[in-house]
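As they're listed, the protein sequences go chains A and B. Residue numbering for the first sequence follows the numbering used here, starting at 1 and increasing by one per position. Residue numbering for the second sequence follows the numbering used here, starting at 1 and increasing by one per position. A virtual CB, placed ideally from N, CA and C, is assigned to each residue, including glycine. Report on the structure given below.
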Amino acid sequence: MKKKLISLLLCTVMAAAMLTGCGDETTSNSSSSANDTSSEASAESSVETDESTEEADSTEEAVTITLGIWPEDTLTEDIAVHEGYVATMAELHPNVTCVPAYYKYSTDTFMPMVESGNCPTIFESWFTEPQKLISQGAIADITDELEARGWLDAMNPSIRELLSDDNGRVYGIPRDGYALGLMLNVELFEEAGLVDEDGYPLYPKTWDELAETAKTIKEKTGFAGLCLLAKDNSGGWHFSNIAWCFGATLCTENADGTFTANLASDEAIAAMEYVKSLKWEYDVLTADPLNEDWGSGFTQLGTGGAAMYIGANDAVQQPTQVNGLALDKFAMCPIPEGPGGQYSLYGGTPYFFSKDATSAEINAALDYLEIMGKAPVATEAAVAGMKADAENKVAQGVPVLQRFPCWIAQDVLDAEAAVVEEYGNVDPKMFESYFEATASDGNLRLEEPGETQDMYAELTKVLQEVIINENADVAALMQQANDNYQAILDDKYPAE
Amino acid sequence: MKAAKVKKEKFRKRDLMGWLVMLPTLILFAFFVWEPLIENIRLSFCTTKMYEVTGFAGLKNYIAVVNDVDFMAAFKNTFAYTFWSLIIGFLVPIIMGILISETVRGKSLFRVGVYFPNIMPSLATIWIWSYFFLPGETGVLNIILGWFGIEPQVWLNNPKWTIPLIIITLTWKSAGSTALIYMANISGISPDLYEAATIDGASIMQRIRHITIPSITGIAKTMLIMQIISVFQILYEPMIFKNGGPNNASISLMMLMYRYGYRDYNVAKASALSVIVSLILIVLSGIYMKATAKRNDE
Chain A
1 MKKKLISLLL
11 CTVMAAAMLT
21 GCGDETTSNS
31 SSSANDTSSE
41 ASAESSVETD
51 ESTEEADSTE
61 EAVTITLGIW
71 PEDTLTEDIA
81 VHEGYVATMA
91 ELHPNVTCVP
101 AYYKYSTDTF
111 MPMVESGNCP
121 TIFESWFTEP
131 QKLISQGAIA
141 DITDELEARG
151 WLDAMNPSIR
161 ELLSDDNGRV
171 YGIPRDGYAL
181 GLMLNVELFE
191 EAGLVDEDGY
201 PLYPKTWDEL
211 AETAKTIKEK
221 TGFAGLCLLA
231 KDNSGGWHFS
241 NIAWCFGATL
251 CTENADGTFT
261 ANLASDEAIA
271 AMEYVKSLKW
281 EYDVLTADPL
291 NEDWGSGFTQ
301 LGTGGAAMYI
311 GANDAVQQPT
321 QVNGLALDKF
331 AMCPIPEGPG
341 GQYSLYGGTP
351 YFFSKDATSA
361 EINAALDYLE
371 IMGKAPVATE
381 AAVAGMKADA
391 ENKVAQGVPV
401 LQRFPCWIAQ
411 DVLDAEAAVV
421 EEYGNVDPKM
431 FESYFEATAS
441 DGNLRLEEPG
451 ETQDMYAELT
461 KVLQEVIINE
471 NADVAALMQQ
481 ANDNYQAILD
491 DKYPAE
Chain B
1 MKAAKVKKEK
11 FRKRDLMGWL
21 VMLPTLILFA
31 FFVWEPLIEN
41 IRLSFCTTKM
51 YEVTGFAGLK
61 NYIAVVNDVD
71 FMAAFKNTFA
81 YTFWSLIIGF
91 LVPIIMGILI
101 SETVRGKSLF
111 RVGVYFPNIM
121 PSLATIWIWS
131 YFFLPGETGV
141 LNIILGWFGI
151 EPQVWLNNPK
161 WTIPLIIITL
171 TWKSAGSTAL
181 IYMANISGIS
191 PDLYEAATID
201 GASIMQRIRH
211 ITIPSITGIA
221 KTMLIMQIIS
231 VFQILYEPMI
241 FKNGGPNNAS
251 ISLMMLMYRY
261 GYRDYNVAKA
271 SALSVIVSLI
281 LIVLSGIYMK
291 ATAKRNDE
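Listed below in structure tokens is the structure:
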């Protein structure tokens with residue numbers, strides 16, 4: 001009897017639990033269908049907003065947006081800048097309420113947040129993410145909103161492709177672009193005597209020169225010449241840029257929709273042999289590259305643990321503001337040239353929008369971006385936003401540098417250049433070679449196609465092996481990585 | 001007959017009270033433990049978009065997991081973790097427990113001492129150990145070796161050492177709390193037994209061998225299976241020390257699951273792997289139960 005009662009009760013409880021689970025699903029279904037209808041209606045409403053953007057219309061329905069792009073609590077000056085944006089927003093769009101909701105994108109918090117309906121209306125992410133997020137249905141399709149504003153054609157076409165699905169629907173817009181270069185700690189260059197008569201660092205122009213330069217620095221100062229990453233996927237990410245310079249193309253997309261991994265080519269192997277020589281022939285790396293990731297690399301560079309580090313113009317606050325490197329001791333030069341040419345990996349930070357956001361909310365968020373000066377419009381408010389941002393950077397000791405053209409609207413580019421000119425707080429000569437190289441034709445290269453993160457993971461495993469094992473057989477390791485990566489590609493994109 | 005009936009009815013009333021008392025717990029359990037558990041099994045047989053089921057996948061997720069390029073490495077490593085944790089970590093808390101129980105002076109000092117690593121945040125201990133294990137001349141252990149004229153070692157970067165060294169740090173951190181359980185158990189042993197043994201002229205070693213050890217065997221068996229279950233699910237230590245490296249030398253099954261779920265957003269595949277892990281654990285526990293049950297019969 002007792003047992004029966006227990007089992008009966010357990011069953012009831014379980015059934016109740018299951019029912020609650022089902023209940024969740026039905027509600028989420030209904031909400032997503034509500035979304036569908038709202039996106040159907042969006043065409044009309046976006047036309048309406050288009051007409052009424054110029055004059056702020058207080059009769060518009062009240063909209064509340066949550067700003068995941070709000071600065072984190074400790075950055076009080078940045079918050080003050082954003083409070084200024086909110087004030088401008090209240091003036092121009094009195095129907096919009098802005099709610100700060102700082103969110104730093106990370107893969108381990110994102111999904112639960114979206115699933116619980118707490119995704120901010122707008123947030124920043126990485127350029128590795130859009131395809132994954134689109135396929136999971138986790139972000140909003142903003143094609144109609146962008147089209148109504150005329151922003152679609154202002155977007156750099158290669159970036160637009162990155163942020164679109166197979167049908168050409170666009171899901172995000174770029175905050176700014178970046179191109180990898182070589183960041184230099186000028187202090188260590190000075191100590192090693194590697195500066196010209198004007199005090200500018202004698203930066204390496206080829207990978208061979210880099211090895212020699214790094215060796216000189218290590219001998220003269222005792223500190224690492226180069227900080228190489230081998231802890232996580234960022235190792236493979238940097239390596240893919242090195243491999244391009246050795247003439248490698250790591251993955252190709254075939255006409256039938258399949259991909260071919262190309263990690264074991266002679267060029268890729270030569271690039272990996274080169275990395276191996278940095279450890280075993282030249283010995284110019286930090287104590288444990290297997291413990292270095294994107295953030296620790298900036299710490300090494302900023303605090304003088306390493307003289308060179310592969311980094312991009314969108315992260316210049318890392319060595320300086322975050323890790324204390326003086327502005328006049330920081331320089332950037334292009335990625336060195338290899339036997340296969342000179343390339344700079346090109347990417348950026350995208351803005352995405354919550355899948356639950358209505359068209360009006362998305363438009364309000366886009367208005368906010370306009371005020372921040374991150375949109376392809378050079379309105380008065382936008383230029384004021386750019387200036388506020390630059391002013392803040394000067395106050396924080398962050399280099400004010402030009403952005404990479406993620407928008408191709410000329411008036412915006414001109415406005416930006418003027419702001420950089422006005423607020424420039426660094427010696428442009430320290431960055432001249434970097435911007436020259438990245439402006440040359442065919443220099444910028446987007447990340448490899450396919451399952452890029454998996455490719456980075458495979459390459460990182462090889463990097464780890466060649467760094468810990470002097471006798472590592474590079475060709476065999478690259479072949480293994482190639483086989484593994486091909487298996488992943490075949491699994492995800494089977495031949496039809 | 002009548003009396004029996006009355007008794008039964010009384011029981012029912014009492015039962016009802018008991019069940020009522022338990023009801024909130026049962027509901028919470030159902031909601032936070034059983035439902036997610038069942039949901040996890042369901043997800044592992046489905047295709048998903050975020051956490052939402054989009055279709056039936058049969059065994060596809062399981063096949064995808066087993067064919068994953070990193071699965072075999074993670075599978076072998078996870079057993080290696082368990083093996084090394086038994087070799088290195090199982091006896092340490094028992095020895096600690098016995099030694100501290102036998103100590104007369106400064107018992108509390110030692111008790112606090114062994115438990116201390118346990119109250120430190122896990123991430124902090126891993127960071128500290130990372131500085132100890134740093135290869136090159138700046139690593140703490142290498143500096144110490146340098147005093148004796150020994151060449152610097154690469155520590156965790158030697159794939160043969162990675163897992164045992166991680167287990168050593170794990171033991172350093174958690175042995176204290178297990179030792180406390182043994183100590184509590186030992187203090188429960190009747191002092192009469194020790195007194196009698198001492199009067200009979202038994203030495204310390206004899207007392208430990210014939211009184212202490214037999215008394216803690218039961219708890220030791222439980223701790224053994226609990227240790228297997230917990231070490232089998234090792235996740236953040238290898239993730240933070242070396243992110244599963246060098247070249248997959250320390251990747252574990254749970255790390256792989258974390259990557260499926262949180263790097264690739266592939267909930268179904270992550271669920272499939274977690275079902276595989278729990279199946280392995282059920283089998284291991286079954287084997288253990290059977291083995292110990294036989295002993296008990298003898």
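- prompt: Between residue 149 of chain B and the rest of its own chain, which residues show a CB-CB distance below 6 angstroms, the 5 nearest in sequence each way excluded?
  reply: none
task: Determine the chain A residues that contact residue 49 of chain B at a beta-carbon separation under 9 angstroms, and present them in chain order.
output: 135, 136, 137 and 138
- prompt: Which bits of chain B does residue 465 of chain A rub up against, with CB to CB less than 7 angstroms?
  reply: 246 and 247
Burial state of residue 89 of chain B, where buried means 16 or more other Cβ atoms lie within 10 Å: buried
query: Any C-beta of chain B sitting closer than 7 angstroms to the C-beta of residue 111 of chain A?
result: yes
message: According to DSSP, simplified to helix, strand and coil, what is residue 185 of chain B?
response: helix
- request: Would you mind stating whether residue 181 of chain A and residue 332 of chain A have Cβ atoms separated by less than 7 angstroms?
  value: yes
task: Spell out a yes or no on whether the segment 92-100 of chain B and the segment 175-184 of chain B are touching, meaning 3 or more CB-CB pairs, one atom from each, closer than 8 angstroms.
output: yes
- request: Give a yes or no on whether the C-beta atoms belonging to residue 348 of chain A and residue 177 of chain A are separated by under 7 angstroms.
  value: yes
- prompt: Is residue 181 of chain A helix, strand or coil when you go by DSSP?
  reply: strand
- request: Would you check if the segment 475-489 of chain A and the segment 165-174 of chain B touch, i.e. whether three or more CB-CB distances between them fall below 8 angstroms?
  value: no
Exposure label - residue 32 of chain B; buried when at least 16 CB within 10 Å: exposed
- prompt: Any contact of the segment 134-153 of chain A with the segment 80-87 of chain B, i.e. 3+ C-beta pairs under 8 angstroms?
  reply: no
task: Could you name the residues of chain B that residue 488 of chain A contacts, counting a contact when the two beta carbons are closer than 8 angstroms?
output: 69
- prompt: Hey, quick one: how far does the beta strand (DSSP E) through residue 344 of chain A stretch, first residue to last?
  reply: 344-353
query: How would you label residue 210 of chain B, buried or exposed, when you count the other beta carbons within 10 angstroms and need 16 or more for buried?
result: exposed
message: Three Cβ pairs or more, each shorter than 8 angstroms: is that satisfied between the segment 416-428 of chain A and the segment 203-212 of chain A?
response: no
field: Nearest neighbour of residue 289 of chain A, chosen from A:109, A:441 and A:467 [CA to CA]
entry: A:467
- prompt: With 16 as the cutoff for other CB atoms within 10 Å, does residue 99 of chain A come out buried or exposed?
  reply: exposed
query: Who pairs with residue 67 of chain A in a beta bridge, going by DSSP?
result: A:100 and A:122
message: Spatial neighbours of residue 230 of chain A within its chain, please: C-beta separation below 7 angstroms, excluding the five flanking residues on both sides.
response: 289, 290, 292, 460, 463, 464 and 467
message: Beta-carbon within less than 8 angstroms of residue 305 of chain A's beta-carbon, same chain only, minus the 5 sequence neighbours each way: which residues are those?
response: 223, 224, 227, 286 and 299
message: Counting only Cβ pairs nearer than 7 angstroms, list the residues of chain B close to residue 232 of chain A.
response: 243
- request: Could you please give me the residues that DSSP links to residue 207 of chain A through a beta bridge?
  value: None, per the DSSP bridge assignment.
- request: Quickly, what does DSSP pair residue 275 of chain A with across the bridge? List them, please.
  value: Looking at the DSSP assignment, residue 275 of chain A forms no beta bridge with any residue, so it has no partner.
message: Closer than 8 angstroms is the cut-off here; do at least three beta carbon pairs connect the segment 317-327 of chain A with the segment 386-402 of chain A?
response: yes
Unbroken stretches of the beta strand (DSSP E), 3 residues or longer, contained in the segment 290-363 of chain A: 306-312, 330-333 and 344-353
- prompt: Does DSSP put residue 274 of chain B in a helix, in a strand, or in coil?
  reply: helix
query: So what does DSSP say about residue 71 of chain B, is it helix, strand or coil?
result: helix
field: Distance CB(residue 240 of chain B)-CB(residue 167 of chain B) smaller than 7 angstroms
entry: no
task: May I have the straight-line CA-CA distance separating residue 151 of chain B from residue 286 of chain B, to the nearest angstrom?
output: 47 angstroms
- request: Give me the Cα-Cα distance between residue 55 of chain B and residue 48 of chain B, rounded to the nearest whole angstrom.
  value: 7 angstroms
query: Where do the N-terminal and C-terminal ends of the alpha helix (DSSP H) with residue 422 of chain A fall, by residue?
result: 410-423
- request: Mind checking which residues open and close the alpha helix (DSSP H) that includes residue 235 of chain A?
  value: 233-245
Buried or exposed by the 16-neighbour rule on C-beta atoms within 10 Å, applied to residue 376 of chain A: buried
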